[in-house]
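**Student:** Pasting a structure below so you can have a look.
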């Protein structure tokens with residue numbers, strides 16, 4: 001008789017964590033006991049692992065490190081979810097390991113999907129421990145609102161016991177946001193002081209406020225949406241303002257980068273980041289640049305400057321004062337108008353290859369005697385009306401060649417009280433003189449406006465036509481002219497941050513130096529144009545260099561040099577029949593050569609290329625070297 005097939009039973013599992021570890025190791029997959037332990041603890045972290053899994057083994061040390069710091073406040077439980085006899089294997093069906101779940105009392109599981117690094121795990125655990133920040137004073141409120149991450153504030157009067165109505169719902173919504181947004185980008189805070197709440201116009205207890213830097217801040221619409229934790233979380237996630245985003249690829253196959261880069265040109269900034277650090281000076285500087293870049297509506301900045309001009313007795317508005325318009329022009333600069341548009345006139349002069357470029361601004365302060373200056377808000381109807389009026393008088397602004405900025409005010413055809421201001425200049429297509437004289441661009445002297453003619457001429461090189469402040473007379477800007485640039489160019493950048501401690505390999509692929517000790521790097525990737533630019537690594541990564549990098553990319557004729565990947569391993573020999581061409585030598589060898597060039601493109605993995613080599617060498621010997629360069 002034949003012997004039956006015998007299968008050897010799996011070996012019994014052993015401890016994955018040390019017996020002295022603060023992590024409770026349920027290596028036989030006792031999920032029911034894990035649930036029993038959770039009932040007695042406020043915060044519990046489950047670490048589901050497979051003992052053979054490399055990622056689980058690598059994350060074990062990180063979990064132990066976090067547990068050693070937080071074990072007095074958080075219960076850490078590791079569960080073997082691979083042993084076939086364990087309850088975890090029978091009840092859970094994970095597609096990858098390790099998996100981290102957190103519970104805040106009965107709420108959960110909140111899955112952690114971030115980097116398997118101790119500092120990131122600890123930061124997330126601390127957010128689950130305290131999902132709400134207590135805002136007790138005006139200074140704490142300002143700190144909360146000045147942060148670059150979106151912030152949601154709830155106002156509750158703690159007179160009733162145990163909690164005021166709606167507080168537990170708001171608390172749960174903060175936990176919901178961590179469940180849906182593992183990066184924890186939305187911060188939740190609670191105000192209990194009536195006077196602090198009044199600073200952000202919250203009057204009624206239970207009100208919820210979403211703070212936004214660039215767009216208008218919002219108050220939760222109780223009359224439209226039900227006051228539930230899911231709705232508050234959904235409302236905050238849908239209406240949050242993302243000036244700058246963190247990218248954290250998980251290391252496996254992912255479309256994360258592809259999906260973001262498809263949205264348009266992207267500025268990728270790599271900085272070393274410690275999420276547990278209390279201050280981040282470099283991050284603060286970068287987010288300040290991002291805020292300036294996205295601040296499109298300048299009315300808030302302009303309004304304080306205009307208030308003192310509201311007095312009707314001001315000579316600038318007195319029609320009896322001669323040259324009232326001239327005096328006004330010294331007080332006002334176009335930079336204070338929030339509504340401007342760059343206009344490129346048709347290219348009539350193909351021989352001189354020039355464009356006439358005009359900066360068209362809505363100006364409701366000339367020729368009228370208003371009681372108070374109201375800063376006009378930019379809208380499409382006004383700009384459309386201004387463009388109609390402008391094109392009807394297009395010939396007024398056209399010069400064959402002019403090296404001067406010429407400004408003119410003209411009356412609106414739609415309203416007797418509206419004037420438009422246009423400043424125009426002829427721009428050469430080639431733009432070569434711009435780079436050498438960049439410093440002189442920003443020294444444009446005052447140009448007086450006239451309602452009927454053109455005045456004021458300046459002899460300077462051509463400014464960046466996409467940069468409004470360069471185009472404007474009476475330039476008074478402190479420190480930066482990047483403000484609102486994202487709305488004044490067709491090359492708007494999406495800004496992203498990556499932690500160079502975790503993702504430096506991406507920076508190296510983009511062109512960062514492998515030998516660099518300081519892991520700071522910035523690159524612009526434009527997927528549509530199939531180009532990318534690299535910030536010079538000899539320059540320190542600070543706000544001013546980032547601003548210049550963004551401005552140079554944004555202008556119409558960008559002076560940035562496209563970055564190309566080169567092969568550092570190529571060795572050159574003097575006497576060679578075939579010239580080896582690299583990124584650095586391509587232009588000189590191929591385009592600028594006085595000889596005819598026969599060029600072969602090959603790849604190391606190409607089998608056909610290898611079989612063609614001897615034929616190509618024979619051909620190189622036959623062709624006369626005085627007339628031909630044979631290269632590959």
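Numbering (UniProt numbering), first residue to last: 1 to 632. Every residue gets a Cβ at the ideal spot worked out from N, C-alpha and C, and that includes glycine.
1) Can you tell me which of 271, 166 and 216 puts its alpha carbon nearest to the alpha carbon of residue 200?
2) Over the uninterrupted alpha helix (DSSP H) stretch that includes residue 202, give me the two end residues.
3) Confirm, please, whether the CB-CB distance from residue 22 to residue 71 is below 7 Å.
4) Which runs of the beta strand (DSSP E) fall wholly inside the region 528-575 and span at least 3 residues, in chain order?
5) Return the residue from the list 296, 99, 138 and 123 that minimises the CA-CA distance to residue 278.
6) Applying the criterion that 16 or more other CB atoms from any shown protein chain within 10 Å of the CB defines a buried residue, is residue 116 buried or exposed?
7) I want to know whether the region 19-39 touches the region 86-97 - three or more CB-CB distances under 8 Å.
8) If you draw a straight line from the C-alpha of residue 155 to the C-alpha of residue 172, how long is it?
9) How far does the alpha helix (DSSP H) with residue 285 in it extend, from its first residue to its last?
10) Is DSSP giving residue 57 helix, strand or coil here?
11) Around the Cβ of residue 565, are there at least 16 other Cβ atoms within 10 angstroms (buried) or fewer (exposed)?
12) Grab me the residues of residue 185's own chain with a C-beta within less than 6 Å of its C-beta, minus the 5 sequence neighbours each way, in chain order.
13) Specify the secondary structure class of residue 105 as computed by DSSP and reduced to three states.
14) Relative to the alpha-carbon of residue 137, which residue among 112, 207, 44 and 189 has its alpha-carbon at the smallest distance?
15) Kindly identify the DSSP beta-bridge partner or partners of residue 207.
16) So, for residue 108: in the same chain, excluding its five sequence neighbours on each side, which residues have a beta-carbon less than 7 Å away from its beta-carbon?
17) Measuring alpha carbon to alpha carbon, tell me which residue in 486, 133, 630 and 60 is nearest residue 77.
18) What are the residues that DSSP puts in a beta bridge with residue 246?
19) Distance check for residue 292 and residue 543, CA to CA, integer angstroms please.
20) According to DSSP, is residue 642 part of a helix, a strand, or is it coil?
21) Report the option in 488, 485 and 50 whose CA atom is closest to the CA atom of residue 92.
22) With C-beta atoms as the reference, is residue 629 less than 7 Å away from residue 595?
23) So what does DSSP say about residue 628, is it helix, strand or coil?
24) What is the rounded straight-line gap between the Cα of residue 16 and the Cα of residue 67?
25) Cutting at 7 Å between CB atoms, please list the residues of its own chain near residue 174, excluding the five before and the five after it.
26) Could you give the distance in angstroms between the alpha-carbon of residue 183 and the alpha-carbon of residue 589?
27) Taking all protein chains shown into account, decide if residue 606 is buried (16 or more other Cβ within 10 angstroms of its Cβ) or exposed.
28) Run through DSSP, which three-state label would residue 181 get?
29) Is residue 12 helix, strand or coil when you go by DSSP?
30) Could you round the C-beta distance between residue 243 and residue 213 to whole angstroms and report it? I think they count as a contact, below 8 Å.
31) By DSSP, does residue 144 sit in helix, in strand, or in coil?
32) What is the DSSP secondary structure of residue 420, counted as helix, strand or coil?
33) So is residue 287 buried or exposed if we call it buried at 16+ other beta carbons inside 10 Å?
34) Quick check on the DSSP output: the beta strand (DSSP E) that includes residue 80 runs from which residue to which?
**Tutor:** According to the structure data:
1) Selected option, being the one with the closest Cα: 216.
2) That residue, residue 202, is in no alpha helix (DSSP H); it is neither H nor E in DSSP.
3) yes
4) 531-534
5) 123
6) When all chains shown are included, residue 116 counts as buried.
7) yes
8) 15 Å
9) 281-294
10) helix
11) exposed
12) 149
13) coil
14) 189
15) In DSSP, residue 207 forms a bridge with 155.
16) 101 and 102
17) 60
18) 497
19) Straight through space, the alpha carbons of residue 292 and residue 543 are spaced by roughly 11 Å.
20) Given a span of 1 to 632 for the chain in the structure shown, any question on residue 642 remains unanswerable.
21) Answer by Cα proximity: 50.
22) At a Cβ-Cβ threshold of 7 Å, residue 629 and residue 595 count as neighbours.
23) strand
24) 15 Å
25) Once the five neighbours on either side are set aside, the close Cβ partners of residue 174 are 131, 132 and 188.
26) 49 Å
27) exposed
28) Three-state DSSP puts residue 181 in coil, outside helix and strand.
29) coil
30) 7 Å
31) helix
32) strand
33) buried
34) 75-80
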